[in-house]
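One structure below.
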Amino acid sequence: MKVSLIELFEETVRKYPEKTAVIDKDRTINFADLHKQALQIAAKIIRLGVGQNRPVGLFLDKSIESVYANLGILYAGDFYMNLDIKTPAERIRNILQLTEPAVIISTSRQVKPIAAIIPDTVQMILLDEEAWDEEVDAQQVTRRLSSIIDTDPSCIINTSGSTGTPKGVVLNHKSFFDFIDWAIDTFHFGDDLVMGSLSPIVFDIYSFELCMLMAKASTLVVLPAHLAAFPAKILEVLEQHQVNFLFWVPTIMVNIANMDLLSAFKLDSLQTVWFAGEVFPTKQYNYWHHHLPQTTFANLYGPIEITLDCTYYIINKEIPDEQPLPIGYPCRNTDILVLDDEDRLVSQPHVEGELCVRGTSLAMGYYNNPEKTAAAFVQNPLNKAYPETIYRTGDIVCYDEEGLIIFKGRKDNIVKHMGYRTDLGEIEHVIINTLKLVKNGCIVYNQAEKQITLFYEAEQEIQAAEFRLQIGKVLPKYMIPTAFHRLDQLQRNANGKIDRLFYKKQVNK
Amino acid sequence: MREKILEILSTIRPECDFTEDVDFMEAGLLDSYDIVSLVTNLEITFNFRINGTDVVPENFTSVDTIIAMLGKYGVH
Numbered sequence: 001m002k003v004s005l006i007e008l009f010e011e012t013v014r015k016y017p018e019k020t021a022v023i024d025k026d027r028t029i030n031f032a033d034l035h036k037q038a039l040q041i042a043a044k045i046i047r048l049g050v051g052q053n054r055p056v057g058l059f060l061d062k063s064i065e066s067v068y069a070n071l072g073i074l075y076a077g078d079f080y081m082n083l084d085i086k087t088p089a090e091r092i093r094n095i096l097q098l099t100e101p102a103v104i105i106s107t108s109r110q111v112k113p114i115a116a117i118i119p120d121t122v123q124m125i126l127l128d129e130e131a132w133d134e135e136v137d138a139q140q141v142t143r144r145l146s147s148i149i150d151t152d153p154s155c156i157i158n159t160s161g162s163t164g165t166p167k168g169v170v171l172n173h174k175s176f177f178d179f180i181d182w183a184i185d186t187f188h189f190g191d192d193l194v195m196g197s198l199s200p201i202v203f204d205i206y207s208f209e210l211c212m213l214m215a216k217a218s219t220l221v222v223l224p225a226h227l228a229a230f231p232a233k234i235l236e237v238l239e240q241h242q243v244n245f246l247f248w249v250p251t252i253m254v255n256i257a258n259m260d261l262l263s264a265f266k267l268d269s270l271q272t273v274w275f276a277g278e279v280f281p282t283k284q285y286n287y288w289h290h291h292l293p294q295t296t297f298a299n300l301y302g303p304i305e306i307t308l309d310c311t312y313y314i315i316n317k318e319i320p321d322e323q324p325l326p327i328g329y330p331c332r333n334t335d336i337l338v339l340d341d342e343d344r345l346v347s348q349p350h351v352e353g354e355l356c357v358r359g360t361s362l363a364m365g366y367y368n369n370p371e372k373t374a375a376a377f378v379q380n381p382l383n384k385a386y387p388e389t390i391y392r393t394g395d396i397v398c399y400d401e402e403g404l405i406i407f408k409g410r411k412d413n414i415v416k417h418m419g420y421r422t423d424l425g426e427i428e429h430v431i432i433n434t435l436k437l438v439k440n441g442c443i444v445y446n447q448a449e450k451q452i453t454l455f456y457e458a459e460q461e462i463q464a465a466e467f468r469l470q471i472g473k474v475l476p477k478y479m480i481p482t483a484f485h486r487l488d489q490l491q492r493n494a495n496g497k498i499d500r501l502f503y504k505k506q507v508n509k
Numbered sequence: 510m511r512e513k514i515l516e517i518l519s520t521i522r523p524e525c526d527f528t529e530d531v532d533f534m535e536a537g538l539l540d541s542y543d544i545v546s547l548v549t550n551l552e553i554t555f556n557f558r559i560n561g562t563d564v565v566p567e568n569f570t571s572v573d574t575i576i577a578m579l580g581k582y583g584v585h
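Sequences listed follow chains W and C, in order. If you count the first sequence from 1, position 308 lands on 308 in this note's numbering, and the numbers rise without skipping. Count along the second sequence from 1, then add 509; that gives the number in this note's numbering.
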């Protein structure tokens, strides 16, 4: 019986000590060395007097170091919270205030932008300033793990929240076991996966890649973040390392299709491609499928709160360009309830309802946020007999005639933009309340152009450059609007509220 | 054309000075989000379409390399 993800890693290290675990540009590390480094990190955390089950922040770019630091945190019986080094300090401050991590792991160079805002109570481990020459008692470290149970957290993943502070989703070990068991069984993954890792360390996809590294000795190929805008370079790296598995958000796959780059790169090794995080337009999917007919493609769907994904569709038939790709069927050991406005179960085709999830995959809740937790993690309205929590995703779906689930849209103001879940309300909040750049404004999303669009009331036009400069001090770049429209007066509905629907329709004509 | 390119760059990254003699990529003046905006803006402003194989870091290191790349498409 295994209760901590680290136990999977221990088994892998015993089996494949010499196998390459991570490829990071021109550096590589094997499993034995990764194990050694992870233990050093764990021993350091323990020496600092940090107890078990405490959050440990990681402020590093994706690298060999981020991988062993994440494993080291798990070895110490604590849970990791990866932070985006490109996020403005102000937002990091909000996250740290909410989560109060015991330790932050970084380097003396990377920590600089946030050094001033880290509270005194947080201890620091700067990888380049430690000697790392102390003898580690591996048995002492693993002994500490023996008191961990599988519902203890393994990580916190932050996601956009409407009030300006991200919500920290707490995921336990058990829910990752559940997901990787499903993944390995369904896709028959062996010990030979080479993963082209493009997601930032703050994405759940990266956490999945870590799990596959631990569970199946998969090799993680770091695709440098600065190459994300240069798909041709990324494809070059995939060919160089004979990558055979990708789990990507569709944004870059759409770019690759639009640039017709698969005519130049054959990607012969690529066996399995998963995509998730946002809607992949069928036309661009078909481009991939036609260029890589031997590759298995799967459309996955799920919010972070249910650990990666809860439905999937292995695409095994032709789908016309104008039809959406289904999100498919529930993953094994997950139950999907589609509930209508009155919490009745929807089972008829083409009737819309909210997708709700039941199963081991559910997160523990939002860290230090009982109100938000109570609103989303609720009693199953169909079960009056005993306590049973379901997660309400806020996503509207329906079934088609074949019983496949089709994604229709959101109940609220959340969009998926460049793979990031973005609450448009948070951007509005920052522009109007935090920065006071405009008195009234309304943010809508242009689906076709993938543009966050701001309509605002002002007597004089504000330059786009000025908006970007100010907003960029508070919000990460992917949340900064790229289209701005000044109006004397915003359209109001009968209640006198800004008519968001009107603007939503206007940009999506 | 140089002025137009500088204007586009300063809209994308208002806080940066693109007239300095530095490698835009190495100096961190342009990241991946900026490149996506820059490519779109160049295509709209100069009315042409960039091949995917030309969207590589070496074509975006300076205003001169951008101009040289545009030249390949007959944009002068």
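Think of the CB as a built atom: it goes at the ideal place given N, C-alpha and C, for glycine as much as any other residue.
Can the beta-carbon of residue i be found closer than 8 Å to that of residue j?
{"i": "His241(W)", "j": "Ile23(W)", "result": "yes"}
{"i": "Tyr313(W)", "j": "Leu325(W)", "result": "yes"}
{"i": "Trp288(W)", "j": "Leu262(W)", "result": "yes"}
{"i": "Ala32(W)", "j": "Glu18(W)", "result": "yes"}
{"i": "Lys167(W)", "j": "Tyr301(W)", "result": "no"}
{"i": "Leu213(W)", "j": "Ile6(W)", "result": "no"}
{"i": "Arg91(W)", "j": "Pro481(W)", "result": "no"}
{"i": "Val507(W)", "j": "Val444(W)", "result": "yes"}
{"i": "Ile405(W)", "j": "Ile336(W)", "result": "yes"}
{"i": "Ile85(W)", "j": "Gln110(W)", "result": "yes"}
{"i": "Leu98(W)", "j": "Phe59(W)", "result": "no"}
{"i": "Thr282(W)", "j": "Ile319(W)", "result": "yes"}
{"i": "His417(W)", "j": "Tyr478(W)", "result": "yes"}
{"i": "Ile95(W)", "j": "Asn53(W)", "result": "no"}
Mind checking who residue i pairs with in its DSSP beta bridge?
{"i": "Met510(C)", "result": "In the DSSP output, where bridge partners are listed per residue, Met510(C) has none listed."}
{"i": "Thr28(W)", "result": "Ile23(W)"}
{"i": "Ala536(C)", "result": "According to DSSP, which records beta bridges pairwise, Ala536(C) is partnered with nothing at all."}
{"i": "Cys356(W)", "result": "Leu337(W) and Arg392(W)"}
{"i": "Met81(W)", "result": "Gly57(W) and Ile156(W)"}
{"i": "Met195(W)", "result": "Leu220(W) and Phe245(W)"}
{"i": "Val103(W)", "result": "Val56(W) and Gln123(W)"}
{"i": "Thr296(W)", "result": "Thr272(W)"}
{"i": "Thr567(C)", "result": "According to the sequence displayed, residue 567(C) carries Glu and not Thr. None; Glu567(C) has no bridge partner."}
{"i": "Gln451(W)", "result": "Asn446(W)"}
{"i": "Glu457(W)", "result": "Asn440(W) and Leu487(W)"}
{"i": "Asp423(W)", "result": "Ile414(W)"}
{"i": "Tyr366(W)", "result": "Val169(W)"}
{"i": "Gln379(W)", "result": "Thr389(W)"}
{"i": "Cys409(W)", "result": "One detail in the question is off: residue 409(W) reads as Gly in this sequence, not Cys. In the DSSP output, where bridge partners are listed per residue, Gly409(W) has Ile396(W)."}
{"i": "Leu345(W)", "result": "Leu339(W)"}
Just mark residue i as buried or exposed, buried being the case when its beta carbon has 16 or more other beta carbons within 10 Å.
{"i": "Tyr391(W)", "result": "buried"}
{"i": "Glu322(W)", "result": "exposed"}
{"i": "Asn561(W)", "result": "No answer is possible for residue 561(W): the residues shown for chain W start at 1 and end at 509."}
{"i": "Leu188(W)", "result": "According to the sequence displayed, residue 188(W) carries His and not Leu. Exposed, because fewer than 16 other Cβ atoms sit within 10 Å of the Cβ of His188(W)."}
{"i": "Ile553(C)", "result": "exposed"}
{"i": "Pro55(W)", "result": "buried"}
{"i": "Gly57(W)", "result": "buried"}
{"i": "Met253(W)", "result": "buried"}
{"i": "Asn433(W)", "result": "exposed"}
{"i": "Asn172(W)", "result": "buried"}
{"i": "Phe265(W)", "result": "buried"}
{"i": "Asn255(W)", "result": "buried"}
{"i": "Gly496(W)", "result": "exposed"}
{"i": "Phe557(C)", "result": "exposed"}
Assess contact between the stretch 517 to 527 of chain C and the stretch 445 to 459 of chain W, defined as three or more Cβ pairs (one per stretch) separated by less than 8 Å. Is contact present? no
For the stretch 271 to 298 of chain W, which residues have a CB atom closer than 8 Å to at least one CB atom of chain C, in sequence order? none
Closer than 7 Å, Cβ to Cβ, to anything on chain W: give me those residues from the stretch 511 to 532 of chain C, in chain order. Ser519, Thr520, Pro523 and Glu524
Is the stretch 491 to 508 of chain W close to the stretch 108 to 123 of chain W, with three or more CB pairs under 8 Å? Judged by Cβ distances under 8 Å, the stretch 491 to 508 of chain W makes no contact with the stretch 108 to 123 of chain W, as fewer than three pairs qualify.
Spell out a yes or no on whether the stretch 69 to 85 of chain W and the stretch 41 to 56 of chain W are touching, meaning 3 or more CB-CB pairs, one atom from each, closer than 8 Å. yes
Any chance the stretch 128 to 144 of chain W sits against the stretch 362 to 382 of chain W, with 3 or more Cβ pairs inside 8 Å? no
Specify whether the stretch 444 to 455 of chain W and the stretch 58 to 70 of chain W touch according to this definition: at least 3 beta carbon pairs, one from each stretch, less than 8 Å apart. no
Is there contact between the stretch 219 to 235 of chain W and the stretch 532 to 542 of chain C, where contact requires at least three CB pairs shorter than 8 Å? With contact defined as three or more Cβ pairs closer than 8 Å, the stretch 219 to 235 of chain W and the stretch 532 to 542 of chain C are in contact.
Can you give me, in chain order, the residues of the stretch 553 to 572 of chain C that have a beta carbon less than 9 Å from any beta carbon in chain W? Cβ proximity to chain W below 9 Å picks out Ile559, Asn560, Gly561, Thr562, Asp563, Val564, Val565, Pro566 and Phe569 from the stretch 553 to 572 of chain C.
Residues within the stretch 201 to 233 of chain W neighbouring chain C, beta-carbon criterion of under 8 Å: Ala225, His226, Leu227, Ala228, Ala229, Phe230, Pro231, Ala232 and Lys233
For the stretch 477 to 507 of chain W, enumerate the residues whose C-beta is nearer than 9 Å to any C-beta of chain C, in chain order. Cβ proximity to chain C below 9 Å picks out Lys477, Tyr478, Ile480 and Thr482 from the stretch 477 to 507 of chain W.
Is it the case that the stretch 171 to 180 of chain W contacts the stretch 194 to 203 of chain W, given that we only count it when at least three CB pairs across the two stretches are under 8 Å? no
Taking contact to mean at least 3 C-beta pairs separated by less than 8 Å, is the stretch 157 to 167 of chain W in contact with the stretch 420 to 427 of chain W? yes
Counting beta carbon pairs with one atom in the stretch 522 to 537 of chain C and one in the stretch 461 to 471 of chain W, are three or more of them shorter than 8 Å? Taking one beta carbon from each stretch, the stretch 461 to 471 of chain W and the stretch 522 to 537 of chain C have 3 or more pairs nearer than 8 Å; the two touch.
Can you confirm whether the stretch 198 to 212 of chain W touches the stretch 529 to 537 of chain C when touching is taken to mean that 3 or more C-beta pairs between the two stretches lie within less than 8 Å? no
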